[in-house]
Amino acid sequence: MVVLGLETSCDETGVALYDTQRGLLSEALYSQVAIHAEYGGVVPELASRDHVRKTLPLIDQVLSDASLHKTDIDAVAYTAGPGLLGALIVGATVARSIAVGLGVPSLGVHHMEGHLMAPLLSDEPVDYPFVALLVSGGHTQLIRVDEFGDYHLLGESLDDAAGEAFDKTAKLLDLPYPGGPHVANLAKRGDPERFSFPRPMVKQPGLDFSFSGLKTHVGTCIKQLIGSEQWDEQSRADVARCFEEAVVDTLVIKCRRALKQQSVSTLVMAGGVSANQRLRSRLDQVLASDGVRVIYPAPHLCTDNGAMIAYAGAIRLSQGEKDSLSPEVRARWPITDLRSPYSETAA
Ligand code: KG4
Ligand code: ZN
218 MVVLGLETSC
228 DETGVALYDT
238 QRGLLSEALY
248 SQVAIHAEYG
258 GVVPELASRD
268 HVRKTLPLID
278 QVLSDASLHK
288 TDIDAVAYTA
298 GPGLLGALIV
308 GATVARSIAV
318 GLGVPSLGVH
328 HMEGHLMAPL
338 LSDEPVDYPF
348 VALLVSGGHT
358 QLIRVDEFGD
368 YHLLGESLDD
378 AAGEAFDKTA
388 KLLDLPYPGG
398 PHVANLAKRG
408 DPERFSFPRP
418 MVKQPGLDFS
428 FSGLKTHVGT
438 CIKQLIGSEQ
448 WDEQSRADVA
458 RCFEEAVVDT
468 LVIKCRRALK
478 QQSVSTLVMA
488 GGVSANQRLR
498 SRLDQVLASD
508 GVRVIYPAPH
518 LCTDNGAMIA
528 YAGAIRLSQG
538 EKDSLSPEVR
548 ARWPITDLRS
558 PYSETAA
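Residue numbers for the sequence shown follow the working numbering, beginning at 218 and rising by one.
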């Protein structure tokens with residue numbers, strides 16, 4: 218089955234073709250970063266309009282790259298939420314129109330299920346159950362995955378997501394949007410010992426996160442450095458490094474706790490922040506000594522993309538799932554509302 222996947226939940230138009238026999242056939246991504254950069258964040262209306270401009274040309278591109286014709290498409294999967302409502306509506310409308318025109322099924326896919334499946338797009342099989350760390354701009358969640366579609370929330374951020382903390386810290390450091398990769402880059406030249414930033418909620422039991430206090434701490438530290446005339450390039454790098462260390466430490470501590478609590482020996486990490494090299498290497502290093510296997514997506518599949526939607530959609534479509542006559546898109550949609558397509562009670 219050849220599935221066309223469309224991702225338009227935020228500021229990236231991602232399109233891909235996935236074949237359940239041959240794997241990923243082609244993918245294309247257009248990032249709107251340049252459009253939103255001057256506003257310091259995503260402007261929803263501009264995002265929707267740009268998805269309108271880019272989605273169809275990108276579909277033509279992936280078809281041509283895979284040497285396929287529109288009529289070779291057997292189903293269309295698109296992101297139905299969570300995300301920006303207008304942006305989601307663009308992807309859903311294009312997807313459903315193509316599906317109706319071709320007489321094939323369409324299916325709305327959960328964006329975070331897409332992220333969760335991205336590491337499994339590589340050919341290494343993963344055994345269930347596993348613990349997933351979903352770390353993106355909107356989510357920081359620890360989830361126990363018993364099988365595809367069977368998700369149990371173990372903990373989540375009570376305020377800012379990890380990616381959001383990176384983005385807000387980037388603003389404080391005068392770095393462009395989206396801030397994560399810029400903070401990580403600056404942090405490379407920083408001294409990890411210079412400031413001691415808090416590791417939020419690690420002393421309390423449980424698996425929830427809270428990152429908003431950390432951003433306040435960074436802000437106060439920068440003000441003090443400016444006040445004492447020590448606000449130079451090295452200080453900026455030191456702040457970036459100490460912030461990154463605090464986030465990475467907090468995530469590593471909670472992942473380890475979740476794996477122990479659940480007696481699970483596989484960790485799957487996904488979402489934009491999973492591209493962070495320091496987080497990847499620290500998790501590898503710490504969890505290897507616990508005998509835990511850590512799996513994360515190829516770097517280009519960490520952030521939003523069409524391949525993850527085509528893949529997650531293909532799994533559900535192969536089990537016979539498809540849109541109802543009145544499908545919806547949802548700005549908010551807890552992943553734990555999903556059901557396994559393999560269970561008898563699946564909708
Ligand atoms: O998953 P994603 O592309 O979009 C959402 O679904 O939110 O994640 C985007 C987030 C942004 O907050 C971005 O700053 C962060 O992922 N990010 C990173 C890195 N690359 C992207 N954060 C830290 N280090 C990175 N290398
Ligand atoms: Zn995402």
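All residues carry an ideal CB built from backbone N, CA and C; glycine is no exception.
Worksheet item: With a CB to CB cut of under 6 Å and the five nearest residues on each side skipped, what residues in its chain are close to H369?
Response: R361
Discussion item. Relative to the C-alpha of T230, which candidate in L273, G258, V260 has its C-alpha closest?
Written reply: L273
Worksheet item: At which residue ranges does the stretch 441-497 contain complete alpha helix (DSSP H) runs of 4 or more residues, listed in the order of the chain?
Response: 450-479
Worksheet item: Taking buried to mean at least 16 other C-beta atoms within 10 Å of its own C-beta, is A316 buried or exposed?
Response: buried
Worksheet item: Going by the beta-carbon positions, is the gap between Y256 and A527 smaller than 7 Å?
Response: no
Discussion item. Taking the straight line between their C-alpha atoms, what separation do you get for A564 and D367?
Written reply: Because A564 sits at a pLDDT of 47, beneath the cut-off of 50, its placement in the model cannot be relied upon, and the point is left open.
Worksheet item: Listed in chain order, which residues are found with a beta carbon closer than 5 Å to a heavy atom of the ligand ZN?
Response: S353, D521
Discussion item. Less than 7 Å between the C-beta atoms of V326 and L476, yes or no?
Written reply: no
Worksheet item: Any heavy atom of the ligand KG4 closer than 6 Å to the CB of F383?
Response: yes
Worksheet item: Any heavy atom of the ligand FAD closer than 6 Å to the Cβ of V232?
Response: As for the ligand FAD, it is missing from this structure, which binds only the ligand KG4 and the ligand ZN.
Practice prompt. Specify whether the stretch 474-494 and the stretch 516-527 touch according to this definition: at least 3 beta carbon pairs, one from each stretch, less than 8 Å apart.
Written response: yes
Worksheet item: Based on the DSSP output, what are the partners of T437 in its beta bridges?
Response: In DSSP, T437 forms no bridge with anything.
Worksheet item: Within 10 angstroms of its Cβ, does I290 collect 16 or more other Cβ (buried), or is it exposed?
Response: buried
Worksheet item: Where do the N-terminal and C-terminal ends of the alpha helix (DSSP H) with S265 fall, by residue?
Response: 261-282
Discussion item. With a threshold of 6 Å (Cβ to nearest heavy atom), would N402 be considered close to the ligand KG4?
Written reply: no
Worksheet entry | Where I290 sits in the DSSP three-state scheme | coil
Worksheet item: Looking at C-beta atoms only, is the number of pairs between the stretch 504-517 and the stretch 539-548 that lie closer than 8 Å three or more?
Response: no
Worksheet item: Looking only at its own chain, which residues have a Cβ that is under 7 Å from the Cβ of H268, when we skip the five neighbours before and after it?
Response: T225, T230, A304, V307, G308
Discussion item. Taking contact to mean 3 or more Cβ pairs, one atom from each stretch, closer than 8 Å, check whether the stretch 381-395 and the stretch 455-463 are in contact.
Written reply: yes
Worksheet item: By how many angstroms is the C-alpha of S265 removed from the C-alpha of T288?
Response: 27 Å
Worksheet item: Is the beta carbon of A233 less than 7 Å from the beta carbon of L275?
Response: no
Worksheet item: What are the boundary residues of the beta strand (DSSP E) that includes I512?
Response: 510-512
Worksheet item: Rounded to a whole number of angstroms, what is the C-alpha to C-alpha distance between T433 and L242?
Response: 45 Å
Practice prompt. May I have the straight-line CA-CA distance separating E450 from L442, to the nearest angstrom?
Written response: 12 Å
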